[in-house]
Structures are given as structure tokens and as C-alpha cells.
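Every position in the sequence shown, counted from 1, becomes a number in our numbering once 205 is added.
Note that beta-carbon positions come from the ideal geometry of N, C-alpha and C, so glycine has one too.
No experiment lies behind these values; they were computed from the predicted model shown.
Right, one structure below, let's go through it.
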Amino acid sequence: MTELVVTTATDGGEVLADAARVGNKFARQEVLRRAGFRVPEFFCLPAAAFDEALDALRPSLPAEPADGADRAEVESWCAAAREALVGARLPVALAERIRKEFADVAGPDGLVAVRACVVPANAGAGAADAPGADEADEADQTDKADGTEAAEAIGEDSAVDPFAGMSDSFLYVDEDGLEDAVLRCWASAFNPQAVRYRTLRGLDPLRARVAVGIQRMVLGTRSFVAFTRDPRDGAVLRVVAAAYGIGEGVVQEKADIDHFFHDPATDEVTARTVRKQWSMGLPEGAAAGSPALLPVAAELAEVPVLDDGQVREVAELAARVEELFGVPQDIEGALTEDGVVHLLQARPLVTAPPTAGTAPTAGTGAVAGTGTGAATAATAGPAPAEDPGSAQVYWGNHNITESFPGVSGALTFSQSREFYRRSFADLYRRMGVPESWVRDNAHRLARMVGYLEGQVYYRLDDWHALHGQMPMFELVRRGWEQAMGITGPARGERRWAAPAVALALPRLAWRSALHPWQVKSFLRWWDRQMAEAETVGDSPEELIAFYRRLWERAGERWGVTLVNAFIALVVLGAGSILLRRWTGEGPQVLVGLMGGGRENRSLEAVRAAMGLAELVGAVPELRAAVLDDASDPEQLWQQIVEGQHGAAVGDAARGYVARYGDRALHDLKLEEPTPRQRPWTVLALIRPLVRQGATVAANRADEQAAARKARERLREVLPNPARRAVLLGVTSLARDLARIREDTRFCRTQLFGLSRDVMWRLGAELARTGVLDDALDVADLTVEEVIGAFDGTGTVTDLRALVALRRTQRERWAKNPQRPALLGTPAGLPLARALPRASAVGAAAAADDGLLRGIGSSGGVVRGRAKVVLDPATDPDLAAGRILVARETDPGWLFLMMSATGMVVERGTLLSHTAITGRLLGIPTVVAVPGATTAIPDGAWIEIDGAAGTVRLLPPSEQPGEPEEPGESPEPAGTAPTDGTAGTEKGDRT
């Protein structure tokens, strides 16, 4: 008979440490308890108890949806199951049993915490209690006594995916509230957000199972969360976040939190403290119930929550937990009034690559301190004995991440490496660098970009050496380093004296005079390449020949686009100097003047989407279908292009994909599909435009109005007409250069789009002939490996094994936290040995006045709630009426941007895509704001000044009372333009 209540006294060592029965959360607590850690007493209702409760209710529930049922049917069933569980009663025997155990754990008048932990039914051999499961064999049970089982890979609080916030917990529960808390924990298996999340993750929401832990409530006066690695960059630094009251105040960031940093190498403690006003705990006079915000005593407001000795004690506790489990840890705990530290939870912390000798593999999330769990923490071997010295190789990805965000596959990296090698070789030839020198430095061209555990970085020493061959580079070095995010010791040294630079100016002037003609020639040539692509056949021979021709030709011409960037930096620098001398104003005035002018190809794509959205919105039944989440987008798209909703809509839809089908999120990453391969994804892009009723005419009018107001602002700050004419001429040239930049960036999108099309078609042939399992497996092969499989130049015959190896590696890298944008590694070592020793370079200091500062790139002031977006696949509707906050953007973010009222981005320059798009859309924009995505909480009320380049978190006294819901069009609350660009205070709430 299955035991439905398991305690430390009755367990016998079999169930409580088995994550497949009680979940990772409680299995770890049992391992910690056995190891002698001060863990509050607890008992569990394993997932088998949940199974029995749900089975008893099934006759009253609707029929369970069949495999392949649509989302609406699944969510409806889950909602019914949740409601039934909340309204159920525990069996009498079970209710009496948990009351008895409650008294043993907490005492008759005590309080407990009741927490749920999801245990997937397919957790592996450990799921022996699942309905219909066979009895696990004896060997399986022996392994699971240590808590090492497959569930760790997929269950709640696992190393792979914590499922944070998906199931419920209840604190300060007394005996009378116990039964209700258990039922609500079970019901949380079917919480709407949990159902949608599991569907998104490819897990069956109908198979979710919940274990419940009931633990003596520690009445902490101070609580903490501690990490054994710095969660920002994986450095060996113990980080402690602490607040007065219970841990919910820290975890939910509702209390005022002090941060402490303990360096285990020196035992030094440093602190960043705040004035404490709020804590979380049981309201005064209440015997039980939900925690609430409580005021901190005035005499404690300025006192650090922990003293140095307590910080060291907590740090040592975290280190002991890491030693037990063998991987970096994230722990939660509390200090009671007597100063005793209690350990409440522990879970694996996913960090940057650890120091040599402790590199974890996919199994490092195991719950065990011995046995299988310890074995899975594979070593990387000892660090080399030789000291490479103080020489550093500097790497930066400050602006390349807008093209290659996150982890990229081998196919993408190999193509990007080829692009940089060919295009910059052409740039240097065009700028007068001797051909012989370019050939002699082919090794530098070949490594302009590096592959740092899946992330694409610039190798900056080679960029300095290559660019340093151009005397004119000294004119733009400062602006270029700013654009690249290069600071501190990563900066290069000046190589050319002023006379040499002066001698190079005539060449630059001549190059600038020829530039407009060369750009027109380039664009005409490129349009011919796109036309030729439509005639290429399907045979591998034809595809490969076309690909080789295309890239050979591109390598002879693409330098034109880079010359444009060089000239643009010179022009912007000159304009900023003149403006500062004549008006004392910063470059924000120039920013406003750069709006308007002839459309570029990127803007044409946006307005083509708007035009399509207008046509869709004019057909009521089609508009309803596009806005309906339940619609099948592939089927709906087919109806549109077949003309079932009108010939005009069908023609516009087909035309959009034909002309702009390569533009998408991550459109330079060859493993990612675009509308060219998945045309129905256009519907998701235009949905917010349809909902907002956006029109091309209104968009053009807004752009023209912003440009007109910017000119009026210039007249105010510069009344001298002659000087004003000079500045208008400079900004006109800068606007033309910005348009060319966006035109040629769109061509680059198409270049990579053609390459994607060729590689995917070759992949389909490799899959058809059994060389690969799937056409998209080419994502984990290099370009030459794909082509070599056909033309006899490949060196690997078992491509399937190579793909499996690289995919595993890429998936592991994807779990690492974001690396710093600028870092240094020891020179002279293989990258695998140097990268664990990497250190961040030039971290920005916080401003004393509480403002976040960056580069104002599109003027105006706007207030609203922040929408922090780390994954650009976010539904654009969620950004509607919000201020978009991101690390970086690329052209595929356009539809998110169009939904937003303002933008704050960690990276970028006045000529970055974000800056240009902000100006085109007429929304306040600030780029190059260090740490914006961590400094600005999602949903926080903020104010951005797109002219001054500042971001301010609003105090409660300045926040509107009743903001709108997402997706609605907020009513203006006021305007505060600062440079002639409209800025409207808007807000919404989640």
C-alpha cells in the first residue's frame, strides 16, 4: 500500500530523499537534514496522495482531452480540475493523520509553512507511485535514496528549470487552515500560468503531479538568500541578500534589502545597504494568516541587517551546502531572535563557467551529495601550472549582440566569421591599406569574432591592430570605442600623429564624395542578386554554386557599407563639436534633427506591415480571427494568400513575404526561421498593429511633426542663421548616412536570409538521404561541413554524431548566465583554460543622484511601466503601452518597439538600430544604459528623458493611481517634450 504521509520518523530512508516522489525541493531538505544541517522539522504528502485525490474527483470532471487537443480544451479541463480540488475535502483518515503530524512538528498552537512542489509523472524510474506504474526495481530504489534521479532534470526547483512561482505556498498556517492549504497546493498544479508555462516548455500540463511539504514555521526576525557564486557573472564571490522579517520579503523583493559580498580568498566582507522601511511578517495581533508588509523600527532603519560575522556565518553555510551537493548553490534561510541560523531551502545555481576542475555537466543538478550526483560533476582538469602573466586578450560584444544575441549555433558562427573576414578585408582595401598588409594579417581577419561558449564576441586586440592601419581612424577612435563599449584597459593606443592624419584627409574627402554613387551602385547590384536567387534550382550542385558566387561577390563589395559607418562617425563627431561650441547643447539636438527624410528599406518593411495590418483591420471577420489566440495561424495565413478574405489582402500578404520575408527576430542567426520559411508568423507580428489601429499615414505624420519641432528647437538654441544652416547641412548628411546604414543592414539581413535558405535546403537533402535526422540539424554544423558533405571536402563522415555532440554543448551553454559585455582573458592559454579566468572590464559605477544614464537618442519625456524583455520572442501585445527595457535589439524587434511608448537599452549608440528606430517611431529612447535590465524591475514605474539620456524610477508619490491594462491604449496624462519630439506619459499594469 502506498504511504500518503511520510515523516522523518517513519520514512526509513526511502521516500523523502526521492525527488520523483516528493519533488526536488523536499528531497534536498531531507539530504541536508541527514547531513546534519539545521533544517526545520517537516513531513510530506508525496505525489501519490495527489494522484488519489485527483482520481477520486475524475468522475465529476469533464472527459480528459485526448492527445493533440487544442490549448483551449486543455486549459478548460485544467481549470475544472483546479476548481474541483479547491472545493474538495481530504479523506477523514488523511485529515486526521496530517493533524497528528502537525502537532508533532509544530505543537498544538504552532504554525507551519505548507508548500507545493511539482513532480512530473514522467520523471523517470523514480515515478513509481504514478498511477499504473510498475514497481521500481531494487537497484533503482537504492540510487534514489540519495536523491539522484531523472526528475531533477525536469521537475520544479531543478537545475534545468526552476518553474519559479508556478505552484503555491502558504505561510503562518495553523491547524485549522491546514486542510485548505494542502488542497490549494494540489490545485496549484493547474494554475493558469503553470498550465501555459508547461505547454510552452513542451510538457503535458495534464500529467503534472504535486507533492506537499509541511514544515515548522521558523519565526525569523531576519532572513536571507545566499549564492555561492556571484549570479551576475559566476565569479567566486559569496553574495548575500538580507532583509528584516521572513524570507518572502527577500524572494519577492517586497522588503528593503541589504546586499553583502564575501570574498572567500581574503575573508573580506563588503556591503551595499539601504534605508530599511519595510519588512514582511505576521501582522501584529494575528495568530495565523498571510504575511504582510510591516514597518521596520526606526532605530533599525540604518542598521545593516547582518553584521560582518553573521555574513561570514551565512557564507560558510552556503559553502558547506555547495560542498555537499558538488555544484554552486542558492540557499534561503532565517535568523531567529536568538541569532541562530536556520536553513530553509537549497537549489542549484546556474552560473558562468566555474573555475577549472569543477565544470558541471548536464547532471550537476542532482540532489545527492554522494553517489550518482557527485559523479555527474565532471572535472575539466587542473589549471595549467604555468602562469601566463598579466597579458590579456580583450573581448567585447557590446553591439554585436543585437545581431547574434544569446547562444548561436555552429552554422551561424561560421557564417558570421566569414562575413567579418570578407567585408572588413574589402573595407581596408577601400581605405587605402596596402594589399600586402591585408594578406599578411589574414590571421587577424580570420579571428575578428570569437566563439566564447556559444556567444559571439569581437576579439578587440585584432580590431585595434586592423583599424590602426588607417590613419583616418584616429578621427573616430573615441566615438568608435564608445559604440563598441570599449573602456579602461581594453582601449587601444593612438598609432598615428596629427600630421599623418592630416595627410590622409584628402583621401577621406575623395572617398566621401564618391560614396553616394558607390552606395547606389551597391544597392543596384544587391537587387540583382536577389533577383538571381529566384532562378536557382533545387539540386545541391546549383545551390552550392550560387552560394559560393554570392559570397565571393559580396566579399568584393560589402566594404562600401562599412565605409558608410566610418563616414557617419566623422560627421556625427563634427556635428557634436559644432553644436557644443555654438550652443553649449549636447548631441540630443542633433538627434531630433535626424528624423524625417526619405524612407529606408527597414522603415519600408515596417510600413508594409502597417499597410497589411490596415487591410486586415478593414475586414471584420479577418480582424477578429487575427486577434483570436485560438486561431490556427498557418491555416489562417493560407486562407489569406488564397484570397478568401479579399484579393487586396492576399496580394499584400504575399508581397510582404516576397520583399521582407527575411526580416525577423534574430534574422542573422541561421538556426532561427523567418517568415520566408514560416510565412504565417507574419500574423503574430501584425497583431498589435491591428489591435492598435496603426496606419501608415499617421506614422508618417508623426515623423514629420517630430522633425518640424526639432527644427523649431534648433532655432531657439541657435538663432544665428548661418551657423544654423551649417548644422542643418551636417544633420542632413548624417540623416542620409543613417538611411544608408539601415538600407545596407536590410541587405545584410537578406544576405544571411539567402544563406539560411541554401543551408536549410541542403539540410533537407541530408535528412532525406539519412545522413542527418532532421533538416535543421545543420544548425550544429559549420557551413563548410554542410557543403563538404556534398562536394567531397568534408573530413567527418558521421555528421549525426557531430550534431549530437554540438547540440548537447550548445544546450549546456544556453543555461549559463549572460557574460559581461567587455571581458579579459589571460593571453597565451587555450580558450577553454582562459575563459574560466575571465574578468569583467570597466564596470560602470552607479550615479549618486539615483539616475540611470545613457545616450539620449530620440527626444521627449515619457512615464510608464517598464516591460523588461530578455527574450525577443515575447508577444508584442505585452509591450503595448509600456516602456521597453532590453539588453540590446536587432531589426527583428521592430514590432515590439512599435508597441512601446519608449525604449531603454543597455547597449547602442546614436547610430545603432535602436536609436534610429526610436527616432523613426517618434518615441523617447535612451541607449547605452549599463545594467538597465537588472536595475529596472519589470513593471516598475519609470520616467525616461530621451534628450538628456536619463532614466528615473518613480517614487510611489509620483505614480498614477489607476493605470490601464496591457494591450489597451492609455489616455495621455501629460506631455513633456524637451527637444521638439513628442513625449506622452502613459502607463499600464500587468
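Beta-carbon proximity list for residue i, same chain, < 7 Å, skipping 5 on both sides
i           : result
residue 592 : Note that residue 592 scores 38 on pLDDT, short of 50, meaning its location in the model is unreliable; the coordinates nonetheless yield the value given after this. Counting only Cβ-Cβ distances below 7 Å, and skipping sequence neighbours, we find nothing.
residue 379 : 316, 492, 493
residue 799 : 936, 939, 940, 943, 1124
residue 239 : none
residue 904 : 812, 815
residue 900 : 815, 819
residue 735 : 955
Span separating the alpha-carbon of residue i from that of residue j
i            : j            : result
residue 313  : residue 382  : 13 Å
residue 266  : residue 835  : 23 Å
residue 853  : residue 846  : 10 Å
residue 278  : residue 818  : 29 Å
residue 1027 : residue 288  : 51 Å
residue 496  : residue 488  : 7 Å
residue 1022 : residue 429  : 22 Å
residue 526  : residue 764  : 55 Å
residue 662  : residue 655  : 5 Å
residue 1161 : residue 1142 : 14 Å
residue 739  : residue 754  : 15 Å
residue 979  : residue 1037 : 30 Å
residue 613  : residue 874  : 7 Å
residue 717  : residue 869  : 32 Å
residue 728  : residue 771  : 18 Å
residue 176  : residue 621  : This structure gives no information on residue 176, because the portion of the chain shown stretches from 206 to 1195.
residue 673  : residue 801  : 35 Å
residue 311  : residue 540  : 18 Å
residue 224  : residue 234  : 11 Å
Residue environment, residue i, which counts as buried when at least 16 other CB atoms sit within 10 Å
i            : result
residue 1030 : buried
residue 685  : buried
residue 603  : buried
residue 695  : buried
residue 1016 : exposed
residue 372  : buried
residue 925  : exposed
residue 550  : buried
residue 648  : exposed
residue 515  : buried
residue 533  : buried
Beta carbon of residue i nearer than 9 Å to that of residue j
i            : j            : result
residue 991  : residue 616  : yes
residue 505  : residue 486  : no
residue 665  : residue 780  : no
residue 1112 : residue 475  : no
residue 413  : residue 323  : yes
residue 756  : residue 623  : yes
residue 1106 : residue 1129 : yes
residue 1060 : residue 1133 : yes
residue 713  : residue 677  : yes
residue 1075 : residue 1092 : yes
residue 171  : residue 1147 : The question about residue 171 has no answer here: the residues shown for the chain are numbered 206 through 1195.
Chain-order list of residues whose beta-carbon lies under 6 Å from that of residue i (same chain, five-residue window excluded)
i           : result
residue 945 : 724, 769
residue 952 : 731
Own chain residues within Cβ distance below 8 Å of residue i, not counting five before or after
i           : result
residue 895 : 818, 821, 822, 828, 831, 832
residue 746 : 995
residue 306 : 210, 212, 248, 419
residue 981 : 876, 965, 968
residue 417 : 249, 250, 254, 255, 319, 320, 321, 322, 387, 390, 391
residue 220 : 208, 211, 226, 227, 249, 251
Residue i: CB within 8 Å of a non-hydrogen atom of the ligand SAM
i           : result
residue 722 : The model on display carries no ligand, and the ligand SAM is accordingly not part of it.
Task: Ranges of the alpha helix (DSSP H) found wholly within the stretch 1018-1072, counting only runs of at least 4 - done: 1036-1039
Open item on the list: For a minimum of 3 consecutive residues, which ranges assigned as the beta strand (DSSP E) are wholly contained in the stretch 646-674?
Closed with: Within the stretch 646-674, the complete beta strand (DSSP E) runs of at least 3 residues are 654-657, 660-664.
- [ ] Would you mind listing the alpha helix (DSSP H) stretches within the stretch 737-812 that are 4+ residues and don't spill past its ends, in chain order?
- [x] 745-762, 764-788, 793-798
- [ ] Tell me the start and end of each unbroken alpha helix (DSSP H) in the stretch 861-948 that is at least 4 residues and wholly inside, in chain order.
- [x] Qualifying alpha helix (DSSP H) stretches, in chain order: 887-897, 901-922.
TODO: Enumerate, from N- to C-terminal direction, the unbroken alpha helix (DSSP H) stretches of 4 or more residues contained entirely within the stretch 276-326.
DONE: 276-291, 297-311
Task: Ranges of the alpha helix (DSSP H) found wholly within the stretch 465-507, counting only runs of at least 4 - done: Runs of the alpha helix (DSSP H) inside the stretch 465-507: none found.
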